[in-house]
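Residue numbers (this note's numbering): -14 to 142. Glycine is no exception: its CB is placed at the ideal position from the N, C-alpha and C atoms. This report refers to the structure that appears directly beneath it.
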Ligand SMILES: Cc1cc2nc3c(=O)[nH]c(=O)nc-3n(C[C@H](O)[C@H](O)[C@H](O)COP(=O)(O)O)c2cc1C
């Protein structure tokens, strides 16, 4: 963020592992205008994801995120439990092949990439339940306000 702010003063959305209001405040403190949240919204009632995917996001934490290039040929982050459910050992995945890169249904393994193998960022430890988008956004706002009060109090010492 600091390097970007040396040459760009327009709007910046910072993303990756944000799933809590305190992290949105941190993004602003770093100089971003927005925190962009992806994975956490998969575990909302409105999301077009299967229930198993939503429950896996609730259940998982950063240590459950597996970085692999097997499924599409390009490295990405996936939920360990979904890899195990597909019958693979997340600790011993074969290397993917960039020359047969395949983002379509089927991918490079027998399980369908993005369907049976579920992608997620590392921030989902903050997600404790499946809520509606409105409830989750209200929660983000409450967490953001609480984090700001706590930071101000800490600064005043
Ligand atoms: C449904 C979904 C599909 C995604 N597809 C891609 C992708 O094709 N390539 C990529 O680099 N990142 C992809 N991402 C990762 C997003 O860039 C990432 O979610 C974003 O940086 C926000 O981080 P977060 O998920 O930790 O909140 C995807 C994320 C989601 C939720």
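Inter-residue Cα distance where the pair is residue i and residue j
i	j	result
residue -1	residue -10	12 Å
residue 123	residue 59	35 Å
residue 80	residue 70	19 Å
residue 43	residue 109	7 Å
residue 24	residue 138	31 Å
residue 47	residue 31	24 Å
residue 38	residue 76	20 Å
residue 73	residue 49	14 Å
residue 26	residue 125	12 Å
residue -12	residue 8	20 Å
Inter-residue CB distance, residue i and residue j (contact presumed, cutoff 8 Å)
i	j	result
residue -14	residue 17	6 Å
Beta-carbon contacts of residue i that lie in its chain and below 7 Å, excluding the five residues immediately before and after
i	result
residue 133	10
residue 1	106
Residue i - containing beta strand (DSSP E), residue span
i	result
residue 19	19 to 21
Close-in-space but distant-in-sequence residues of the same chain around residue i (CB under 8 Å, 5 per side omitted)
i	result
residue -4	18 and 19
residue 78	51, 53, 55 and 68
Residue i - containing alpha helix (DSSP H), residue span
i	result
residue 4	Note, residue 4: premise wrong, no alpha helix (DSSP H); not H, not E.
residue 123	118 to 141
residue -11	-13 to -10
Sequence-distant residues of its chain with Cβ nearer than 6 Å to residue i (five each side left out)
i	result
residue 5	111 and 128
In chain order, each alpha helix (DSSP H) run of at least 4 residues that lies wholly inside the stretch 24 to 72:
Taking only runs of at least 4 residues, the alpha helix (DSSP H) segments lying wholly in the stretch 24 to 72 are 36 to 44 and 65 to 70.
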